[in-house]
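As structure tokens, the structure follows; a few thoughts come after it.
Number of protein chains: 2
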Amino acid sequence: MEKDKNYHMDIEKFRKHGKQVIDWLADYYENIEDYPVLSQVSPNEIRDSLPDHPPLEGETFDDILKDVSNIIVKGITHWQSPNFFAYFPANTSGPSILGELLSAGFGVQGMLWSTSPACTELETHVMNWLAEALQLPKKFFSNSFGGGVIEDSASSAALCALLAARERQVNNCSSDYHDKLSRCTVYISNQTHSSLKKACIIAGIGDDNIRYIPVNKNFSMQSDELLSKIRQDRLNKFIPTFVCGTVGTTSSLAIDPILKIGNICKTENVWFHIDAAMAGSAAICPEYRYLLNGIELADSFSFNPHKWLFTNFDCNCFYVANKNELIKALSVNPEYLKNKYSDSKDVIDYRDWQIPLGRRFRALKLWFVIRYYGLNGLRYHVKKHIEITGQLEELIKNDSEYELISPVSLNLICFRHKKDDDFNKILLDKLNKSGKIFMSHTILNDKYYLRLCIGQTNTKLSHVKKAWDLITRTAKRLTGS
Amino acid sequence: MEKDKNYHMDIEKFRKHGKQVIDWLADYYENIEDYPVLSQVSPNEIRDSLPDHPPLEGETFDDILKDVSNIIVKGITHWQSPNFFAYFPANTSGPSILGELLSAGFGVQGMLWSTSPACTELETHVMNWLAEALQLPKKFFSNSFGGGVIEDSASSAALCALLAARERQVNNCSSDYHDKLSRCTVYISNQTHSSLKKACIIAGIGDDNIRYIPVNKNFSMQSDELLSKIRQDRLNKFIPTFVCGTVGTTSSLAIDPILKIGNICKTENVWFHIDAAMAGSAAICPEYRYLLNGIELADSFSFNPHKWLFTNFDCNCFYVANKNELIKALSVNPEYLKNKYSDSKDVIDYRDWQIPLGRRFRALKLWFVIRYYGLNGLRYHVKKHIEITGQLEELIKNDSEYELISPVSLNLICFRHKKDDDFNKILLDKLNKSGKIFMSHTILNDKYYLRLCIGQTNTKLSHVKKAWDLITRTAKRLTGS
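Taken in order, these protein sequences are the chains called C and Z. Take the first sequence: its letter number 414 is residue 414 in this note's numbering, and every next letter is one higher. Take the second sequence: its letter number 421 is residue 421 in this note's numbering, and every next letter is one higher.
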């Protein structure tokens, strides 16, 4: 930032306004529980408060910040509120926010090692740190055949894994490419995240070549059905290409039988991807490491520190067992990006591990979080969330008006009032409109369930007790009892 | 951030450390010219300075920030230095950094309108503002059939455009999907950005179905060759699907004949995407709006405020003329994301406009930038960069030892010492190793050229003059003259 008056924010102003924003955010967090968790605005309400045309002349930073307070905040659904229980959390923390700030300030591109070596090397390093924390098999560490990379999301990680799997079966330059592509099949369950279906569509696998394997009563994939479907497909000249097993499905946090699926994939030579988007974070605690049993059989694995490890979105950690398979699927190498380091193969160029070319310095925030909390701090909070969930489970079990999906998995509870679906829909709507909590819903066994997920950075038992109290009181008012 | 001592950074500490980071960044910008622009570290040098294992116990923020100074900075290539002339810029600014900070602090997800209405509505709004600034045709505004969305990069925008184009020709659920997919062809030039080839591979178009249309002596696509190739393909039962025209190629900032290509695509019913990654920003100046002449014939268009509009990466602005075509290609709708607003169709759910599901509040930084600078401020700086480039062009033209690609386009100069390729390679290496400037290279007409791009936020004429002085002095030293 230069010091002329030619429209730029000069350095002294940056100091001043930067500190204003820090204070603004601190105040925001101090008062976050005063805002309705779910934004209560109607469609277009925010846009109607904004001028139709962009300003010709620059405005003051104070005016802009005032509009954040007066216009933007009311259109925010407060994902960082301790009373946010919807979907999966997207939790963050002080160290993470400040890591993101530094990354924005550096403004470097990490597409190649040489475009900012620290961006690549810190990423490789913290990915190894997390591999160690998760007790991942050796093959996922960067000093083996595999390695880790930060993607924006589990959706993108799954797409990259699928593309590598596709390339393993069908080289995109071969003359029989489309014939083979038309026979590539993918295996997921109806509980698998929707991004896997989207990945199949993107990658030209096509809707018809997705096989939905049935689940058991715990909503986890039936591995015998998987095996028989793969064999049947092979008999029919299909090319079984990719299986996604989930550790912690979105609907109910169900766990697919990773070890069994892994063995099938090994025998059948099918790429095995594990999507552990939220629940993977729990595996940093030795007592929950069992969630990943069988991961030694996987070709790729991803989880999101931006869900449950206090690191702001976007931060998905994606590991592959054989980096060459990934690079083969994603590398294109134009002249203007050639450089001696890439040629030497001594370095990692992460552009070849992802869909886009450009990339931010995302490792900084993850490094800040791991160092500021230490593994013990991270484990403490993850375990605390699971413990609180157990306490809520007891409360629900002891209330005869409610039923829940059992066993409760980690930090997600799916429950419903024993009255009908419509009642539960009205109840949820009422609760979310109160602004005091925000939950979402799902459908399991053809019934409508409320989903309450406990993973927000600052959620304590007191918040959950208050939430339960609100739920039961609201239901009572609705039933007139 | 709660106030307990359980590992979290409490609010008062956040205030303190946040202000430390702001001051750290301000100091960094104050001294940025003291660092070697291109990082001088060797492979693994950064990693070797980091502990092998993650810490069990948390560390102090001061210790972490100290390591940023002592370890990370030397591995940074300083993209924000005014002496950075390589690749394309990834420029940023004070208002943008602070917008990104606020976005990290809010930590909201914008996948659905309902998950944070302000995130969606502000995005729609600033995309319209920019459409107005660029004088885009009505169809790209959100109140028409089309609209704009922020993607992470021009690569992702191109992929989304290609997927919509593919879906227009071949429905992914149809029984003849793979037969048709195998006949879909894509038309680019050998100057088109490598991400287009990558998109074709990702989308299952396959390498063989990419047609490289020859370019003329100015490196722009020959539209007559395009037309004849499309017609020939159609005769051969191919399905011409997608053409990418570039406004400002990566190698030389060449401009494809948009109007001619557009007319061909219209007649031939082929999706026409315009990639104006860097040069598109120039079109906010009325005197450079001509760059986009013919855009009224395009189906989609993208440019990167994160390159040349003082907004930090990632911020690609992607416009489509018919949003339904995009949504049809990218929408999957699982139960757990259903909500009455999405059902009503009154709102935009941007998850259906992009590859991943989750999304950050990227509109904030763009809104901050447009408001803080005003259109006049943005225009002032873009024009200044082009003016400075013209001044450098004069200097090079007046030096008989150098030749350049003419006409020089906007803010990029490709030039070479008249000695051979090897000399230019050595010269570039020497210059970049000096740490005083950073340039990159390309190959044009089979010759090695140095690329000097002027778009960094704080680059002034004085920096460019100093760079030219360094280049000529270094070359003289190398030739011994």
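All C-beta atoms in this analysis are idealised placements derived from N, C-alpha and C, irrespective of residue type, glycine included. A quick note: this is a predicted structure, and the numbers were derived from the prediction, not measured.
| request: Check C:L412 in the structure and name its three-state DSSP category. | output: strand
| task | Count the other C-beta atoms from every protein chain shown that fall within 10 angstroms of the C-beta of Z:H53, then say buried if there are 16 or more, exposed otherwise. | result | exposed
| Quick one, which residues of the region 264–295 of chain C are near chain Z if we go by CB-CB under 8 Å, in chain order? | Under the 8 Å Cβ criterion, the region 264–295 of chain C contributes no residue.
| By how many angstroms is the C-alpha of Z:N458 removed from the C-alpha of Z:L395? | 21 Å
| query | C:A164 CB to nearest chain Z CB: under 7 Å? | reply | no
| request: Give a yes or no on whether 7 Å exceeds the smallest Cβ distance from C:Y35 to chain Z. | output: no
| query | If you draw a straight line from the alpha carbon of C:I71 to that of C:I46, how long is it in whole angstroms? | reply | 7 Å
| field | Of the listed residues C:T115, C:M278, C:K466 and C:R416, nearest to C:H193 (C-alpha basis) | value | Here the closest residue by C-alpha is C:M278.
| query | Hey, is Z:Y212's beta-carbon within less than 7 Å of any beta-carbon in chain C? | reply | no
| message | Quick check: C:S155 and Z:P356, are their CB atoms within less than 7 Å of each other? | response | yes
| request: Mind listing the chain C neighbours of Z:R185? Cutoff is C-beta to C-beta under 7 Å, in chain order. | output: Sequence check: residue 185 of chain Z is Thr here, not Arg. Here the premise fails: no neighbours, minimum Cβ distance about 12 Å.
| If you drop the 5 nearest sequence neighbours on each side, which residues of the same chain put their C-beta closer than 6 Å to that of Z:D256? | Hits under 6 Å: S220, M221, G245 and T246.
| request: Report the three-state DSSP secondary structure of C:K266 (helix, strand or coil). | output: If DSSP states are grouped into helix, strand and coil, C:K266 belongs with the helices.
| task | Check whether the Cβ atoms of Z:I388 and Z:V37 sit closer than 7 Å, and answer yes or no. | result | At least 7 Å separates the beta-carbon of Z:I388 from that of Z:V37.
| said: Below 9 Å on C-beta distance, what does Z:L159 contact in chain C? | reply: I202, I355 and P356
| Does the beta carbon of Z:V327 come closer than 7 Å to any beta carbon on chain C? | Reading off the sequence, residue 327 of chain Z comes out as Ile, not Val. Chain C contact via Cβ: absent.
| query | Taking the runs of the beta strand (DSSP E) that are 3 residues or longer, which of them lie wholly in the region 439–469 of chain C? | reply | 440–444 and 447–453
| message | Per DSSP, what are the beta-bridge partners of Z:N316 in this structure? | response | Here Z:N316 is bridged, per DSSP, to Z:E151.
| query | For C:K433, is the classification buried or exposed, using 16 other Cβ atoms within 10 angstroms of its Cβ as the cut-off for buried? | reply | exposed
| query | Which runs of the alpha helix (DSSP H), 4 residues or longer, sit entirely within the region 54–120 of chain Z? | reply | 61–67 and 94–106, all fully within the region 54–120 of chain Z.
| Under the three-state reduction of DSSP, which class applies to Z:Y7: helix, strand or coil? | DSSP, reduced to helix, strand and coil, places Z:Y7 outside both helices and strands of the structure shown, so it counts as coil.
| field | Contact list for the region 63–81 of chain C against chain Z, Cβ threshold 9 Å | value | D63, I64, L65, D67, V68, I71, I72, V73, K74, G75, I76, T77, H78, W79 and Q80
| said: One question on the structure: do C:E401 and C:H417 come within less than 7 Å of each other, judged by their Cβ atoms? | reply: yes
| query | Hey, would you say the C-beta of C:Q191 is under 6 Å away from at least one heavy atom of the ligand FAD? | reply | As for the ligand FAD, it is missing from this structure, which has no ligand bound.
| task | Take the Cβ of C:Q109 as the centre, count every other Cβ of all protein chains shown within 10 Å, and call the residue buried at 16 or more, exposed below. | result | It is buried - the Cβ of C:Q109 has at least 16 other Cβ atoms within 10 Å.
| request: Report the option in Z:V170, Z:L427 and Z:D224 whose CA atom is closest to the CA atom of Z:Y187. | output: Z:D224
| query | For C:T246, which residues in chain Z fall below 7 Å Cβ to Cβ? | reply | None at all; the shortest Cβ gap to chain Z is about 13 Å.
| request: Count the other CB atoms, across all protein chains shown, that sit within 10 Å of the CB of C:G147; report buried if there are 16 or more and exposed otherwise. | output: buried
| field | Exposed unless 16 or more other CB atoms sit within 10 angstroms - verdict on C:E287 | value | Its Cβ having fewer than 16 others within 10 Å, C:E287 is exposed.
| said: When you compare the CB of C:W308 with every CB in chain Z, is at least one pair closer than 7 Å? | reply: no
| said: With distance defined between alpha-carbon atoms, name the residue in Z:W271, Z:P117 and Z:D27 nearest to C:S49. | reply: Check the Cα spacing between C:S49 and each of Z:W271, Z:P117 and Z:D27: the tightest is with Z:P117.
| Z:N269 versus Z:K338, Z:I230 and Z:K460, residue with shortest Cα-Cα distance | Of the listed residues, the one whose Cα sits closest to Z:N269 is Z:I230.
| query | Okay, do the region 167–184 of chain Z and the region 122–140 of chain Z touch, 3+ Cβ pairs below 8 Å being the bar? | reply | These segments do not touch.
| Can you list the residues of chain Z that C:K19 reaches, using a CB-CB cut of under 8 Å? | Under the 8 Å cutoff, chain Z gives G18, K19 and I22.
| field | Whole-angstrom distance between C:R166 and Z:I202, CA atom to CA atom | value | Answer to the nearest angstrom: the Cα atoms are 10 Å apart.
| task | With DSSP as the reference, label C:C173 as helix, strand or coil. | result | coil
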